[in-house]
Amino acid sequence: MTDAAPARPRRRLKPILVGLVLAPLLLGALYTAAALSFAYSDGYRAGVLQKFSRKGWLCKTYEGELAQAIVPGVAPTIWHFSVRDDRVAEQLNRALGRRVSLHYREHRGVPTDCFGQTDYFVDSVAVVE
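First residue of the sequence shown? That's 1244 in our numbering, and the numbers climb one at a time after it.
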């Protein structure tokens, strides 16, 4: 009878430990899904696509730079952006060095760089001639 007594507290302890491990993971996943679902802002940026690459050690993401020149002869403002869609990434690769108009959505508070290294996610591209 003494062998059965210690088993009861262990049976109660196991679900508590599982809950303590799973609860933060579930909350983190829900927060990440919410941050990627709701856009803080969206809009368009136009300029010359000067750099576009796929980078990252563990999580490979598409990252780019758009040179926005307001006045000829003045140094352009560089706008950094990320791309999650492979189809859009292919379009951007073909448009490298050309003047483009990019539609983006800003997602603030994404907890990891595995989705993109910036808050700005480009979802469509149009070449401007």
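No residue lacks a Cβ here, since even glycine has one placed at the ideal position from N, Cα and C. Everything numeric in this text was worked out from a predicted model, so none of it was measured.
Outcome for residue i when other beta-carbon atoms lying within 10 angstroms are tallied against a minimum of 16
i            : result
residue 1325 : buried
residue 1212 : Summary: the structure shown does not reach residue 1212, with the chain confined to residues 1244 through 1372, and so no result is reported for it.
residue 1309 : buried
residue 1281 : exposed
residue 1361 : buried
Residues bridged to residue i [DSSP beta-bridge criterion]
i            : result
residue 1295 : 1307
residue 1367 : 1346
residue 1287 : 1346
The alpha helix (DSSP H) enclosing residue i, as first and last residue numbers
i            : result
residue 1351 : From DSSP, residue 1351 is part of no alpha helix (DSSP H); its letter is neither H nor E.
residue 1331 : 1329 to 1337
Enclosing beta strand (DSSP E) for residue i [first to last residue]
i            : result
residue 1322 : 1320 to 1326
Among the options, the one whose alpha carbon lies nearest that of residue i
i            : options          : result
residue 1303 : 1368, 1358, 1365 : 1358
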